[in-house]
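Beneath this line is the structure, given in structure tokens, with notes to follow.
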Amino acid sequence: MAPVLQPLPVTSVLFACTYNMIRSPMAAAIMRHFHGTRVYVDSVGVREGDEVDPFAVAVMEELGIDLSRHRCRSFEDLEDTNFDLIVSLSPEAQHRAIEMTRTMACDVEFWNTFDPTLVDGNREAMLDAYRKVRDGLLGKIKERFPLSRGPTV
């Protein structure tokens, strides 16, 4: 019977979305919160964003994660493109990640994530949409990058 090959551990992850204002900063902050000492984490957008979305800051604050100092960056702003994994959160970011990885050894995963700015409504409806995105990313990150529980006896 052939040995089962385990995937190499991921030591660096880039989260990418369209503007780096909501989805990718949230994902990167969650990943850093759980794995920041073991995994290098960064985030970018396909296009240049203005500043982190205040609703994103508010819903991350509910988890005790400070997103207020995040600075939006694009793929062009990356100093280092040597990542083990790029997680794209929008179709546009997926296309850009595929382009970028044609000449490098890097895995790409597409987690199509809803853009909460498409929701119309009052403040509470908006916050609810952002919470759903946050909670979806939280679940996917915990599933994809489980917290190590140490050796089992």
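Numbering (full-length UniProt numbering), first residue to last: 1 to 153.
C-beta: ideal position from N, C-alpha, C; glycine also.
Q: Provide the residue span of the beta strand (DSSP E) that contains Glu-48, from first to last.
A: Unbroken run through Glu-48: none, as it is neither H nor E.
Q.
I believe Leu-138 touches Ile-30 by the beta-carbon criterion, under 8 Å. Please report the beta-carbon distance rounded to the nearest angstrom.
A. 6 Å
(Q) Just to confirm before moving on: does the CB-CB distance between His-35 and Phe-145 stay below 7 Å? (A) yes
Q. Is the distance from the Cβ of Phe-114 to the Cβ of Val-133 below 7 Å?
A. yes
Q: Run through the UniProt domain "Phosphotyrosine protein phosphatase I" (11 to 147) for me and flag every whole alpha helix (DSSP H) of 4 or more residues, listed as ranges in chain order.
A: 23 to 35, 54 to 61, 91 to 100, 123 to 144
**Q.** Pick from Val-52, Thr-18, Val-39, Gly-136 that is closest to Glu-92, judged by C-alpha positions
**A.** Thr-18
Q.
Measuring straight from C-alpha to C-alpha, what distance separates Asn-122 and Gly-136?
A. 22 Å
Q: Inspect the beta-carbon positions of Val-59 and Ser-68 and report whether they are closer than 7 Å.
A: no
Q) Can you tell me the Cα-Cα spacing of Asp-50 and Arg-23, whole angstroms? A) 14 Å
Q: Please look up how many angstroms separate the CB atoms of Ile-86 and Ala-16, rounded, as I've assumed it's under 8 Å.
A: 6 Å
Q) For the putative contact between Asp-42 and Leu-63, defined by C-beta atoms under 8 Å, what is the C-beta separation to the nearest angstrom? A) About 20 Å; that fails the 8 Å criterion.
Q: Report buried or exposed for Pro-54, applying the criterion of at least 16 other Cβ atoms within 10 angstroms of its Cβ.
A: exposed
Q: Just confirm the distance between the C-beta atoms of His-70 and Val-52, as a whole number of angstroms; I'd bet it's less than 8 Å.
A: 4 Å
Q.
Taking 7 Å as the threshold (C-beta atoms), are Glu-48 and Ser-12 in contact?
A. no
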